[in-house]
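As given, the protein sequences belong to chains A and B, one line each in that order. So for the first sequence, our numbering puts the first residue at 3; every next one is plus one. So for the second sequence, our numbering puts the first residue at 3; every next one is plus one. Okay, so here's the structure we're looking at.
Number of protein chains: 2
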Amino acid sequence: MARKRTLDSAAVVRAAAEIADADGLDLLTLARVAERLDVRVPSLYNHVDGLTGLRRDLALAGVRASTDAIRRATVGVSGDAALLALCRAYRSFARAHPGQYAASVRAPGPGDAALEEASEELIGVVLAILAPYQLDATAATHAIRGLRSIIHGFVSLEMAGGFGLPLAIDESFEQLVATFIAGLGRAR
Amino acid sequence: MARKRTLDSAAVVRAAAEIADADGLDLLTLARVAERLDVRVPSLYNHVDGLTGLRRDLALAGVRASTDAIRRATVGVSGDAALLALCRAYRSFARAHPGQYAASVRAPGPGDAALEEASEELIGVVLAILAPYQLDATAATHAIRGLRSIIHGFVSLEMAGGFGLPLAIDESFEQLVATFIAGLGRAR
DNA sequence: AGTTATAAGCTAATACTATTAGTTTGTCAA
DNA sequence: TTGACAAACTAATAGTATTAGCTTATAACT
Chain A
3 MARKRTLDSA
13 AVVRAAAEIA
23 DADGLDLLTL
33 ARVAERLDVR
43 VPSLYNHVDG
53 LTGLRRDLAL
63 AGVRASTDAI
73 RRATVGVSGD
83 AALLALCRAY
93 RSFARAHPGQ
103 YAASVRAPGP
113 GDAALEEASE
123 ELIGVVLAIL
133 APYQLDATAA
143 THAIRGLRSI
153 IHGFVSLEMA
163 GGFGLPLAID
173 ESFEQLVATF
183 IAGLGRAR
Chain B
3 MARKRTLDSA
13 AVVRAAAEIA
23 DADGLDLLTL
33 ARVAERLDVR
43 VPSLYNHVDG
53 LTGLRRDLAL
63 AGVRASTDAI
73 RRATVGVSGD
83 AALLALCRAY
93 RSFARAHPGQ
103 YAASVRAPGP
113 GDAALEEASE
123 ELIGVVLAIL
133 APYQLDATAA
143 THAIRGLRSI
153 IHGFVSLEMA
163 GGFGLPLAID
173 ESFEQLVATF
183 IAGLGRAR
């Protein structure tokens, strides 16, 4: 009974995102996804390449969603204001979707065309925002690495509770970003 | 046969560190630890509070070891040079002991006296190095958070292969740290 | 509309995990 | 030497992912 076709890949990833965002990536399990979708565990394998594949799909969704969020937040602004908006938008996304964020961070690097393309697109958005600073290629590479480092570092420490008291955390973030932006201006 | 007492807590954590550093924290399993120590899995429970407890012990060892590494690297230096040495030492430690580093990052926050004490000690070392900058209390808090963010962000992205080509990664790190230090001077 | 091929979802089985309970036995101290 | 303690064990349970193979709903095609 009840063997109607209800699943598809998108629904599985969506359910996984909800679980990971609510309870953490570590508690994302095929059993929980199946339960949420009211389906048996092996059925998931028709739409997803095991737990590893599900995590990859989640990472891909996370990269794309964060790219969209950054785009939305920076449309119509430029310069320092755009860079600041980018940082805030990325942090907001990570706080709103910690599971997808975590998945996108510990995603496997090379050999995945779609994931690499999505990452390239995100980097392209950031590069566009950095354009007014007129950095040469190597300086832009350093800048992007630095930017990713400070945002990712801050956000992941914040999400891990690594800052102890939540006192003035927003202010710490603003200062850190401001310092980085000032350093960029200095390098121009 | 062979029921001699061979284990103790330190030996278990040491074996766990070797596994986690070699193959990654995700592949640290009680079964592998037991196999390496030539012991049955349940025997580990006499020395360690399950897998969760083992990860915690590993985190504690990681925090203490990184504190030591920073101390060794900064003895006899001060000012910008000490701050730079701190950053380099922390990055070196993470690269040399990725498993312990990862464990120390995703350690559970509050309610663990020993872990909190070790973290406080590490923060104390950093505060001492920041002393010459004469920051007031809130500025020092922001500075420490920023410093941890950039180092942790850079190192974890680097270890995850997040920078793609390994081109000039050292240079990216040096620039990032230099930018931060310059920003600190500006705030003085 | 009827037939058929495909594939979705299922059951069953396997092989890993971690964890707890309870037993045996080596070790150390009285 | 003896006795208590604790370490390491066996056995059992429950949870995980994964693969194989069966049923049957769905969709395409005559």
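All C-beta atoms, glycine included, are put in the ideal place defined by N, C-alpha and C. None of these values were measured; they are calculated from a predicted model.
Contact with chain A by B:MET136, beta-carbon distance below 7 Å: For the purposes of this step, residue 136 of chain B is taken as residue 134 along the second sequence, with counting starting at 1. A small fix is needed here, since residue 136 of chain B is Gln in this sequence, not Met. It does not; no Cβ of chain A falls within 7 Å.
Interface flag, B:GLN102 vs chain A, CB-CB below 7 Å: The residue labelled residue 102 of chain B in the question sits at position 100 within the second sequence. Not closer than 7 Å to any Cβ of chain A, the Cβ of B:GLN102 fails to qualify, so no.
Span separating the alpha-carbon of B:ARG150 from that of B:ALA109: Stepping through the second sequence from its first residue, residue 150 of chain B is reached at position 148. Stepping through the second sequence from its first residue, residue 109 of chain B is reached at position 107. If I take the Cα positions, the gap works out to 15 Å.
Buried or exposed (CB count within 10 angstroms, at least 16 for buried), A:VAL157: Counting from 1 along the first sequence, the entry for residue 157 of chain A is found at position 155. Looking at its Cβ environment, which holds 16 or more other Cβ atoms inside 10 Å, A:VAL157 is buried.
7 Å CB neighbourhood of A:HIS49 in its chain, flanking five on each side removed: Numbered from its first residue, the first sequence carries residue 49 of chain A at position 47. Excluding positions up to five away in sequence, the list reads LEU9, ASP10, SER11, VAL14.
Cα-Cα separation, B:LEU178 to B:ALA184: For the purposes of this step, residue 178 of chain B is identified with residue 176 of the second sequence, where counting begins at 1. For the purposes of this step, residue 184 of chain B is identified with residue 182 of the second sequence, where counting begins at 1. Distance from the CA atom of B:LEU178 to the CA atom of B:ALA184, rounded to whole angstroms, is 10 Å.
7 Å Cβ shell around A:LEU169 - same chain, five flanking residues per side excluded: By one-based count along the first sequence, residue 169 of chain A stands at place 167. Contacts found: none.
is_contact[B:THR181, chain A] using C-beta, thresh 7 Å: If you number the second sequence from 1, residue 181 of chain B lands on position 179. It does: the Cβ of B:THR181 has a partner Cβ on chain A nearer than 7 Å.
Chain-ordered residues of the region 136-158 of chain A with a beta carbon less than 8 Å from chain B: THR140, THR143, HIS144, ARG147, GLY148, ARG150, SER151, ILE152, ILE153, HIS154, GLY155, PHE156, SER158
For A:ALA162, three-class secondary structure by DSSP: On the first sequence, residue 162 of chain A is found 160 positions in, with the first residue counted as 1. Note: A:ALA162 maps to coil in three-state DSSP.
Closer than 9 Å at the beta carbon, the chain A residues around B:LEU178: As a working mapping, residue 178 of chain B is identified with position 176 in the second sequence. Correct list: HIS144, ARG147, GLY148, SER151, ILE152, PHE182, GLY185.
Beta-carbon spacing of B:PRO100, B:MET161 below 7 Å: Position 98 of the second sequence, counted from the start, is the residue given in the question as residue 100 of chain B. Position 159 of the second sequence, counted from the start, is the residue given in the question as residue 161 of chain B. Yes; because the gap between Cβ atoms is below 7 Å, this pair is in contact.
Test item: CB-CB of B:LEU53 and B:LEU32 under 7 Å: As a working note, residue 53 of chain B is residue 51 in the second sequence. As a working note, residue 32 of chain B is residue 30 in the second sequence. Against a cut-off of 7 Å, the Cβ pair of B:LEU32 and B:LEU53 comes out as a contact.
A:ALA130 to B:LEU30 span [Cα, whole Å]: Numbered from its first residue, the first sequence carries residue 130 of chain A at position 128. Numbered from its first residue, the second sequence carries residue 30 of chain B at position 28. Their backbone Cα atoms lie some 41 Å apart in a straight line.
Boundaries (first-last residue) of the alpha helix (DSSP H) holding A:ARG74: Taking the first sequence and counting its residues from 1, one reaches residue 74 of chain A at position 72. From DSSP, the alpha helix (DSSP H) with A:ARG74 extends over 52-76.
Sufficient close CB pairs (3 or more, under 8 Å) joining the region 113-132 of chain B to the region 119-139 of chain A: no
Own chain partners of B:ASP172 with C-beta closer than 6 Å, once the 5 adjacent residues on each side are dropped: Position 170 of the second sequence, counted from the start, is the residue given in the question as residue 172 of chain B. Around B:ASP172: no qualifying Cβ.
Test: A:PHE95 CB closer than 7 Å to a CB of chain B: For the purposes of this step, residue 95 of chain A is taken as the residue at position 93 of the first sequence. By this cut-off, A:PHE95 is not an interface position.
Separation of B:TYR92 from A:THR140, as counted between CA atoms: By one-based count along the first sequence, residue 140 of chain A stands at place 138. By one-based count along the second sequence, residue 92 of chain B stands at place 90. Roughly 25 Å between the two C-alpha positions.
Expected contact under 8 Å - CB spacing of A:GLY81 and A:PRO44 to nearest Å: Residue numbering aside, residue 81 of chain A sits at position 79 when the first sequence is read from its first letter. Residue numbering aside, residue 44 of chain A sits at position 42 when the first sequence is read from its first letter. Between A:PRO44 and A:GLY81 the Cβ distance is about 53 Å, and since that is not below 8 Å, they are no contact.
A:PHE165 to B:LEU137 span [Cα, whole Å]: For the purposes of this step, residue 165 of chain A is taken as residue 163 along the first sequence, with counting starting at 1. For the purposes of this step, residue 137 of chain B is taken as residue 135 along the second sequence, with counting starting at 1. C-alpha separation (whole angstroms): 18 Å.
Cβ-Cβ distance between B:LEU124 and B:THR69 below 7 Å: For this step, residue 124 of chain B is matched to residue 122 along the second sequence. For this step, residue 69 of chain B is matched to residue 67 along the second sequence. Yes, the pair counts as a contact, with Cβ atoms nearer than the cut-off.
7 Å Cβ shell around A:GLY230 - same chain, five flanking residues per side excluded: As displayed, chain A neither begins before 3 nor continues past 190, which places residue 230 of chain A out of reach and without an answer.
Chain-order list of residues whose beta-carbon lies under 6 Å from that of B:ALA75 (same chain, five-residue window excluded): For the purposes of this step, residue 75 of chain B is identified with residue 73 of the second sequence, where counting begins at 1. So the qualifying residues of the chain are ALA87, ALA91.
Buried versus exposed, by CB contacts within 10 Å (16 or more), B:VAL35: Residue 35 of chain B sits at position 33 when you count from the first residue of the second sequence. B:VAL35 should be labelled buried.
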